[in-house]
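A quick write-up on the structure given underneath.
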Amino acid sequence: MNKFFPDAINFTNFEQQGMENFQKSNMAFVQEYQSLIAMLFVPVYALMSKLVFINYKNYNFTEHLVINMYLFAHMSIASAVMAILALLLGINFMVFSTAIMLPLQVLYAAYAFKRLFKLSVKNIIIKTLLFSLVLMILSVLLIITVVFMMYITGGMDEIMEAATTRQKLN
């Protein structure tokens, strides 16, 4: 997308003064390895779905891995097509991806799991909320781990320098 729509993913509104280089280097890394990063999350989603559906013994972890890989593939193809159409129509990519794509992906995954496990609407809502809770907990743990690793490896130094620079400017 960056090749054809270079201004589509623009985080300049979210950058803090003095953090521009840090943000650009992080975005360059994420964009370079986006596919790999996304694929690494499939086993995490499989583990989460296995935990959420632990009382259903229909599928083992490997089957959850396959289920989530199919879901990921379907959502990736649909997201790519819809994102390209949205960008061609001039729709803001950030708004489109958070307001439209994310809810559609959650609904599609819920629909797929509802069909696989033959759940009622009430049960799939409960399972979706439980999945969201597990996702939030894992996200917080991931953030804590990343911050700790940045602190250990010295990656926090640039952030601290930017904060100091910002304070001096104010």
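One gets the working numbering by counting positions in the sequence shown from 1 and adding 668 to each. Don't be surprised by glycine CBs; every beta carbon is placed ideally from N, CA and C.
Taking Cβ positions, are residue i and residue j nearer each other than 8 Å?
i, j, result
"Y713", "N728", "no"
"V720", "K795", "yes"
"Q773", "M817", "no"
"L739", "A706", "no"
"N726", "F799", "no"
"A754", "F764", "yes"
In this structure, does DSSP put residue i in helix, strand or coil?
i, result
"I759", "coil"
"I745", "helix"
"Y819", "helix"
"F785", "helix"
"K725", "coil"
"Y738", "helix"
"Y779", "helix"
"Y701", "coil"
Can you list, in chain order, the residues of its chain with a C-beta nearer than 7 Å to that of residue i? Leave out the 5 residues immediately preceding and following it.
i, result
"V748", "In the sequence as displayed, the identity of residue 748 is Ala instead of Val. Around A748: no qualifying Cβ."
"T730", "none"
Can you give me the Cβ contacts of residue i inside the same chain, cut-off strictly under 6 Å, excluding the 5 residues immediately before and after it?
i, result
"I793", "none"
"M824", "M818"
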